[in-house]
Structure formats: C-alpha cells, structure tokens
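Here's the structure, in structure tokens; my notes come after.
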Amino acid sequence: MPELPEVETIIRSLRPALLGKNVLSANLRWNRTLMSPSPAKFKILIQGQQILDIVRRAKFLQFKLSTYQLIIHLRMSGDLLVVKGGYQAAIHDRLILNLADETTLVFSDPRKFGRVWLVEDPAEIFQTLGPEPLSSEFSPGWLYAALHNRQRQLKPLLLDQSFLAGLGNIYTDEALHLARLHPLTRSDWVSEEEAARLWMAIRQVLEEGIRRNGASIDWVYRGGDFQNHFRVYGRQGESCPVCGTKIQRIVVGQRGTHFCPNCQVLTNDQNPVK
DNA sequence: CACGAGACCTGTTCGC
DNA sequence: TGCGAACAGGTCTCGT
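Per our numbering, the very first residue in the first sequence carries number 7; after that it's consecutive.
Encoded structure:
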C-alpha cells in the first residue's frame, strides 16, 4: 500500500481540488470499507459537510469537515482520485462522494483492505500510533532510547506503527540499507552512533520519497518515480549500489525483506532476539 | 513481551 | 498455452 510518502503525495494533489467543496451525497459500494458509523448513518451525516482541510497522520488521510472528520486508510491497494464532470462507477470503486461543482471523489481499492471512518474526533483511531518520523519529536536521542526499550528485530519494529508511524515495507528496507543495519539486528544492540545513522536514514528516504512523489509499483500506478531509485527493495539478485554484492531477499515477519549481506552485517547473530 | 501463522481480498507474475 | 503457486505498498487477531 501507500506508505507515508505516497499518502503525503496523494493529499497534496487532493487539497487544491477539494478544499471548500461541499459533499452532496455518498455512494458506498462495499459495506466493509466503512468502519463507522453504519452505512445509513454515514450517508446522512456526510451530506452537506464542507471539506475544510486535508491532512496526514501516519498513513491515514484526515479530511476535516464542517462537523465531522472523514478518516481514510488506503492499506495495500487503496487510491483516491478526483474526477471533474460526469463519473461512471468503476469495478473497484468502494466509496464515491459526489461533491459540488460536478466534482467526484473516488475511493478505489481492488483488494478491499482499505478502511473509512466518519467521526467527530479521530483521537481514538490514532491513539496507538507512535511519533511522526518527520516531526521534531522523532530525534536521534528518542530513537536510541526507544530501541533500547525493546528487544525486537529492527525490521518488524520499524514496521510497527505504535513504535513509529508511517514506515512500510519499502521505506524500511531502504532506510536499513542506507543506515548499514541488518534487518534482524536486535534493537537493544544498536549503538548510539548506529541509532543516529538510522534516524538520518529514515528521514532521508522519506524525504526523497516525498520529493519524488512516492513510488508506484505493481498495477497501482500513482505517478511517482521513487521506484526507479530503490537501493534494495525488489532488487534481489542485482548488485548493491554501494559495494556491488548481490542483494539478498529473505522473509522477516512474513514480509519480503531486501538487504546487502556485505553492507548490512548481523553483529548479534550469536544473540538473536528469539 | 515478542514472534509466527492465519485472516482479510483481488490481481499479476512466475515456474513448470 | 495453461494452471496453480507465489507474491503484492497493511494491519488485526490468536496461539505459543
């Protein structure tokens, strides 16, 4: 699914097209997309709501409306697009919002994992999220302390949204390679210097992802071009851009994990997490 | 607390 | 060509 940079890119494209617009009606085409309230209530409550602002929290899109907030998580295959003029629903459309001025906001999601909420206050949805990696709250010192609070493998820990909010499978692999840390490294074995490197790497890959308008892989094309600049993700068998060693793919926590066995050496292999 | 497996879903690509 | 397996940007729940 989209990770932080893809969500950020989508929001930046939606904002100018949607701010100030009123919602006329909603067409929910797959009930399980909607977490709350009930479909009937949702259709009534969202009518007449004006879109005042659209912001991002972790991988969630947060639409601030007149009274309520529309919260959307795109999960693996969700996408949002704005169509001007008449719109004919397509096969994978799960929620369609008809807006003023012949404008349509379409939530398309082939795999049906995406979720939508309409709430007065999203605090409950966000309450378990860790810090934003691009905020000042996320500092090298915080990261070092947080890593030492746990005994987890780095890769699954960085994917854990309650630890740090926004990284997904691609940017985690990219950040670990840039930081020269093996995905299975024990979090509490990371030195201060390594933590600082990881902090810098996370910032750098996310910022580059945003600068390149995100990554588009598979058939879910969103226009970004970060996929052409991956260091290791999906490049198993190819040469490491730093040292030329063949990039390896292993499975960690049921996620494909890509790394350079020469640049990213496991220093605690005598003391694995499990 | 930490991990692995299974579930939720559909579509594409890979391997024989 | 065909067909099943493997795989995909995420997250939740359960058992150990």
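All C-beta atoms, glycine included, are put in the ideal place defined by N, C-alpha and C.
What is the rounded straight-line gap between the Cα of residue i and the Cα of residue j?
| i | j | result |
| --- | --- | --- |
| residue 178 | residue 208 | 8 Å |
| residue 57 | residue 32 | 14 Å |
| residue 254 | residue 220 | 24 Å |
| residue 281 | residue 64 | In the structure displayed, the chain extends from 7 to 280; residue 281 sits before or after that span and is not available. |
| residue 132 | residue 15 | 20 Å |
| residue 28 | residue 149 | 42 Å |
| residue 53 | residue 87 | 19 Å |
| residue 270 | residue 101 | 43 Å |
| residue 82 | residue 8 | 7 Å |
Which partner residues does residue i have in the DSSP bridge list?
| i | result |
| --- | --- |
| residue 79 | 66, 121 |
| residue 34 | 101 |
| residue 56 | 28 |
| residue 85 | 114 |
Give the single residue among the options whose Cα lies nearest to the Cα of residue i.
| i | options | result |
| --- | --- | --- |
| residue 205 | 234, 170, 219, 231 | 170 |
| residue 147 | 261, 140, 199 | 199 |
| residue 107 | 258, 30, 38 | 30 |
Within 10 angstroms of its Cβ, does residue i collect 16 or more other Cβ (buried), or is it exposed?
| i | result |
| --- | --- |
| residue 155 | exposed |
| residue 224 | exposed |
| residue 239 | buried |
| residue 34 | buried |
| residue 139 | buried |
| residue 47 | exposed |
| residue 193 | buried |
| residue 134 | exposed |
| residue 73 | exposed |
| residue 117 | exposed |
| residue 201 | buried |
Report the residue ranges of all beta strand (DSSP E) runs contained in full by the stretch 98-139; include only those spanning at least 3 residues, in chain order. 99-105, 109-114, 121-125
Along the chain, which unbroken stretches of the beta strand (DSSP E) at least 3 residues long are found entirely within the stretch 235-272? 254-258, 261-265
List in chain order: all unbroken beta strand (DSSP E) runs of 3+ residues lying wholly within the stretch 137-166. none
Taking only runs of the alpha helix (DSSP H) that begin and end inside the stretch 8-33, which ones reach a length of at least 4 residues, in chain order? 10-24
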